[in-house]
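If you're matching positions, the sequence shown starts at 0 in numbering that gives the first Met the number 0 and goes up one per residue.
As structure tokens, the structure follows; a few thoughts come after it.
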Amino acid sequence: MGSGMDGEMADHAIVAAGLRKRYRDTYALDGVDLAVRTGTVHGLLGPNGAGKTTAVRALTTLLRYDEGRAEICGFDVAGQPEEVRELIGLTGQYAAVDEQLSGRQNLVMFGRLYKLRPREARRRAEELLGAFGLSEAAGRNAGQYSGGMRRRLDLAASMIRTPRVLFLDEPTTGLDPRSRNQVWDAVRSLVSGGTTVLLTTQYLEEADQLSDRISVIDSGRVVAEGTADDLKARIGGDRVEVVVRDAADLAAVGDLVSRISGAVADVDPDVRRVSVQVADRVTALTEVVRALHGTGITVEDIGTRRPTLDEAFLGLTGGRAAEDRKEVVR
Ligand SMILES: Nc1ncnc2c1ncn2[C@@H]1O[C@H](COP(=O)(O)OP(=O)(O)O)[C@@H](O)[C@H]1O
Ligand SMILES: [Mg+2]
Numbered sequence: 000m001g002s003g004m005d006g007e008m009a010d011h012a013i014v015a016a017g018l019r020k021r022y023r024d025t026y027a028l029d030g031v032d033l034a035v036r037t038g039t040v041h042g043l044l045g046p047n048g049a050g051k052t053t054a055v056r057a058l059t060t061l062l063r064y065d066e067g068r069a070e071i072c073g074f075d076v077a078g079q080p081e082e083v084r085e086l087i088g089l090t091g092q093y094a095a096v097d098e099q100l101s102g103r104q105n106l107v108m109f110g111r112l113y114k115l116r117p118r119e120a121r122r123r124a125e126e127l128l129g130a131f132g133l134s135e136a137a138g139r140n141a142g143q144y145s146g147g148m149r150r151r152l153d154l155a156a157s158m159i160r161t162p163r164v165l166f167l168d169e170p171t172t173g174l175d176p177r178s179r180n181q182v183w184d185a186v187r188s189l190v191s192g193g194t195t196v197l198l199t200t201q202y203l204e205e206a207d208q209l210s211d212r213i214s215v216i217d218s219g220r221v222v223a224e225g226t227a228d229d230l231k232a233r234i235g236g237d238r239v240e241v242v243v244r245d246a247a248d249l250a251a252v253g254d255l256v257s258r259i260s261g262a263v264a265d266v267d268p269d270v271r272r273v274s275v276q277v278a279d280r281v282t283a284l285t286e287v288v289r290a291l292h293g294t295g296i297t298v299e300d301i302g303t304r305r306p307t308l309d310e311a312f313l314g315l316t317g318g319r320a321a322e323d324r325k326e327v328v329r
């Protein structure tokens with residue numbers, strides 16, 4: 000790559016080209032390319048075992064990659080790890096919360112570790128406690144915090160210095176919706192301050208909510224890249240589903256929804272369900288309800304839903320089953 004990457008990618012905070020990492024018979028990373036513009040949030044979206052954590056560890060100097068090249072703000076990750084560490088924050092790793100201390104004491108301690116003056120450390124601690132909805136719990140020992148509160152305290156600690164580039168590895172996995180929303184808000188406010196964020200997630204919705212661009216990763220490879228809208232267009236739109244009481248009505252309902260949507264309906268006799276992809280879910284649902292009216296068909300359930308992540312990955316990986324996608328060592 001050499002100097003070409005530096006010039007062309009000067010406005011990118013994170014660049015990776017052909018990153019590979021092999022564990023025995025698995026390529027955890029199998030040639031990952033990534034380019035994240037400064038000041039943006041980039042989602043790394045993929046199922047369990049896709050290689051997300053390995054990518055984060057490689058980019059944050061915690062893991063030596065076998066092949067390829069990576070730069071953070073123009074610093075070579077393998078060649079200039081000290082410089083890179085100065086610029087980055089990482090959840091869960093640098094944020095070793097002390098359970099004997101209160102939330103506030105933890106954050107002040109991290110501030111002091113990062114060489115803030117006492118007054119500045121206290122100010123930053125209060126700011127972060129507020130941003131993460133921890134002000135009320137600030138005086139309680141972190142050991143008594145719920146899982147969601149602990150996660151938010153971890154995040155707050157990783158944001159003490161306002162890193163130039165922040166890596167968040169599945170920051171909301173296992174959190175309840177309210178805690179998740181608080182984490183999302185905190186990420187948004189951090190980004191508005193100019194920090195570049197690489198966020199890994201298993202949730203399409205989370206990547207959609209937070210990211211400017213998304214790389215879908217599977218079996219150590221980026222299988223799709225683009226804005227959430229780009230990806231949704233590739234994944235396919237919402238679906239309308241109708242469950243009928245009598246399996247004998249399935250064919251008629253299948254014809255009806257196919258006619259309305261212009262797409263081929265999936266019919267699942269086991270659960271007596273017809274499902275079809277639609278362009279506009281409200282319009283389609285209204286038309287289906289209207290068309291069913293007066294047919295004498297008894298509908299047990301009807302509604303719309305987003306494609307699931309499984310459907311999304313199937314779409315983006317060309318419909319190959321997960322097993323087939325696993326790389327064997329060459
Ligand atoms: N230390 C390790 N030793 C062996 N295999 C590993 C190690 N770390 C990760 N892997 C394998 O690499 C692949 C990617 O793992 P990981 O990066 O943790 O995925 P993700 O974070 O997306 O769930 C998985 O198949 C995992 O089993
Ligand atoms: Mg992981």
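Backbone N, C-alpha and C define an ideal beta-carbon position, used for all residues, glycine too.
The structure displayed is predicted, hence computed values, not measured ones.
Residue i, DSSP secondary structure in three states
{"i": "residue 197", "result": "strand"}
{"i": "residue 73", "result": "coil"}
{"i": "residue 327", "result": "Any reading at residue 327 must be qualified, since the residue scores a pLDDT of 35, below 50, and its modelled position is unreliable; no value is offered."}
{"i": "residue 92", "result": "Legend: pLDDT at residue 92 = 44, less than 50; position of this residue unreliable, no value from coordinates given."}
{"i": "residue 248", "result": "helix"}
{"i": "residue 34", "result": "strand"}
{"i": "residue 298", "result": "strand"}
{"i": "residue 214", "result": "strand"}
{"i": "residue 230", "result": "helix"}
{"i": "residue 207", "result": "helix"}
{"i": "residue 165", "result": "strand"}
{"i": "residue 8", "result": "coil"}
{"i": "residue 159", "result": "coil"}
{"i": "residue 133", "result": "coil"}
{"i": "residue 254", "result": "helix"}
{"i": "residue 28", "result": "strand"}
{"i": "residue 66", "result": "strand"}
{"i": "residue 304", "result": "strand"}
Candidates the options, of which the one nearest residue i by Cα
{"i": "residue 303", "options": "288, 294, 50", "result": "288"}
{"i": "residue 254", "options": "264, 247, 245, 246", "result": "264"}
{"i": "residue 26", "options": "83, 71, 219, 273", "result": "219"}
{"i": "residue 50", "options": "100, 66, 20, 72", "result": "20"}
{"i": "residue 295", "options": "113, 243, 165", "result": "243"}
{"i": "residue 128", "options": "112, 104, 260, 279", "result": "104"}
{"i": "residue 82", "options": "9, 162, 28", "result": "162"}
{"i": "residue 158", "options": "291, 177, 306, 109", "result": "109"}
{"i": "residue 269", "options": "247, 257, 260", "result": "247"}
{"i": "residue 160", "options": "111, 208, 151", "result": "111"}
{"i": "residue 190", "options": "39, 17, 9", "result": "39"}
{"i": "residue 46", "options": "22, 70, 202", "result": "202"}
{"i": "residue 183", "options": "193, 306, 151, 123", "result": "151"}
{"i": "residue 164", "options": "274, 74, 131", "result": "74"}
{"i": "residue 205", "options": "192, 217, 187", "result": "187"}
{"i": "residue 175", "options": "197, 166, 147", "result": "147"}
Range of the contiguous alpha helix (DSSP H) that encloses residue i
{"i": "residue 104", "result": "102-112"}
{"i": "residue 184", "result": "176-191"}
{"i": "residue 224", "result": "Premise fails: residue 224 lies in the beta strand (DSSP E), 220-225, not in any alpha helix (DSSP H)."}
{"i": "residue 42", "result": "Residue 42 -> not in any alpha helix (DSSP H); beta strand (DSSP E) instead, spanning 40-44."}
{"i": "residue 241", "result": "Element bounds for residue 241: not the alpha helix (DSSP H) but the beta strand (DSSP E), 238-243."}
{"i": "residue 123", "result": "117-130"}
{"i": "residue 289", "result": "280-291"}
{"i": "residue 58", "result": "51-58"}
{"i": "residue 81", "result": "80-86"}
Cβ-heavy atom distance, residue i to ligand 1, below 6 Å
{"i": "residue 64", "result": "no"}
{"i": "residue 113", "result": "no"}
{"i": "residue 47", "result": "yes"}
{"i": "residue 202", "result": "no"}
{"i": "residue 144", "result": "no"}
CB of residue i within 7 Å of CB of residue j, strictly
{"i": "residue 155", "j": "residue 106", "result": "yes"}
{"i": "residue 200", "j": "residue 168", "result": "no"}
{"i": "residue 87", "j": "residue 59", "result": "yes"}
{"i": "residue 241", "j": "residue 277", "result": "no"}
{"i": "residue 90", "j": "residue 195", "result": "no"}
{"i": "residue 15", "j": "residue 33", "result": "yes"}
{"i": "residue 249", "j": "residue 266", "result": "yes"}
{"i": "residue 31", "j": "residue 11", "result": "no"}
{"i": "residue 237", "j": "residue 280", "result": "yes"}
{"i": "residue 78", "j": "residue 17", "result": "no"}
{"i": "residue 210", "j": "residue 221", "result": "no"}
Closer than 6 Å: residue i CB and nearest ligand 2 heavy atom
{"i": "residue 51", "result": "yes"}
Element boundaries [beta strand (DSSP E), containing residue i]
{"i": "residue 265", "result": "265-267"}
{"i": "residue 16", "result": "11-22"}
{"i": "residue 272", "result": "272-276"}
Minimum Cβ-Cβ distance from residue i to chain B less than 7 Å
{"i": "residue 204", "result": "The chain labelled as chain B is not found in the depicted structure, where only one protein chain is given."}
Heavy atom of ligand 3 within 6 Å of residue i beta-carbon
{"i": "residue 25", "result": "With respect to small molecules bound, the structure shown includes ligand 1 and ligand 2 and not ligand 3."}
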